[in-house]
Amino acid sequence: MVVYALLIINKAGGLVYQRDFADGLNKLSINDYLVLAGTFHGVHAIATRLHPLQHLESTALAPTERPEPPSGIEVLETENFRMQCFSTLTGTKFLLFTEPQQPNVDLILSNIYELYVDYVMKNPFYQLEMPVRCEGWERRLVGCLRVMNSK
Numbered sequence: 000m001v002v003y004a005l006l007i008i009n010k011a012g013g014l015v016y017q018r019d020f021a022d023g024l025n026k027l028s029i030n031d032y033l034v035l036a037g038t039f040h041g042v043h044a045i046a047t048r049l050h051p052l053q054h055l056e057s058t059a060l061a062p063t064e065r066p067e068p069p070s071g072i073e074v075l076e077t078e079n080f081r082m083q084c085f086s087t088l089t090g091t092k093f094l095l096f097t098e099p100q101q102p103n104v105d106l107i108l109s110n111i112y113e114l115y116v117d118y119v120m121k122n123p124f125y126q127l128e129m130p131v132r133c134e135g136w137e138r139r140l141v142g143c144l145r146v147m148n149s150k
């Protein structure tokens, strides 16, 4: 199984991280990746508003429960690749490009997010919403995905 690429998009739709991990997809320019990030962000935002209306009695929640926020696009699948999106509560989106038959993509994204929290968000030198340039993050991410790609 193969993980092709990872993109991280900030809450404003800006591309803050992009890395290819395996051959298999056509190479894009950095400009194409910026357009892809902005376009996906916009389509994702529109898709969150296109959820079906629910009847009032079915949305009654206990005082301690929170309503589940509507999600946007989660998976885009083609013959050649699968793109899965993991959205955080802060609006950051992780887009992972894999083979269409890649199992447990949500688990892989969860592991990537944990690495992101540990090595990027806890880094005192990282500024929010800026491009990710953290050595420890790169090392751990490449190691994690190398193991995935070797399976």
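Under numbering that gives the first Met the number 0, the first residue of the sequence shown carries the number 0, and numbering increases by one thereafter. Think of the CB as a built atom: it goes at the ideal place given N, C-alpha and C, for glycine as much as any other residue.
Take P99 and list the residues in its own chain whose beta-carbon comes closer than 8 Å to its own, dropping the five residues that flank it on each side.
-> Within the sequence shown, the letter at position 100 stands for residue 99. Around P99: E76, T77, E78, N79, F80 and R81.
Are the Cβ atoms of Y112 and V119 separated by less than 7 Å?
-> Position 113 of the sequence shown holds residue 112. Position 120 of the sequence shown holds residue 119. Cβ atoms of Y112 and V119: not closer than 7 Å.
Given A46, which residues of its chain have a CB within under 6 Å of its CB, disregarding the five upstream and five downstream residues?
-> Taking the first residue of the sequence shown as position 1, residue 46 is located at position 47. Excluding sequence neighbours, A46 sits near G71 and I72.
Which term fits L55, buried or exposed, when burial requires 16 or more other beta carbons within 10 angstroms of its beta carbon?
-> Counted from its first residue, the sequence shown places residue 55 at position 56. Residue placement at L55 is flagged as unreliable, the pLDDT there being 48, under the threshold of 50; the coordinate-derived value follows with that caveat. So L55 counts as exposed.
Burial state of N25 (16 or more Cβ within 10 Å) = For the purposes of this step, residue 25 is taken as residue 26 along the sequence shown, with counting starting at 1. With fewer than 16 Cβ atoms within 10 Å of its Cβ, N25 is classed as exposed.
Can you tell me where the beta strand (DSSP E) with L95 in it begins and where it stops?
-> For the purposes of this step, residue 95 is taken as residue 96 along the sequence shown, with counting starting at 1. Run containing L95: K92 to T97, per the beta strand (DSSP E) assignment.
Among the residues of its own chain, which have a CB less than 8 Å from the CB of Y32, if the five just before and after it don't count?
-> Looking up residue 32 in the sequence shown gives position 33. L6, L14 and Q17, listed in sequence order.
Excluding the five sequence neighbours on either side, which residues of its own chain have a C-beta within less than 6 Å of the C-beta of W136, listed in chain order?
-> Along the sequence shown, one-based indexing puts residue 136 at 137. Contacts found: Y118 and V119.
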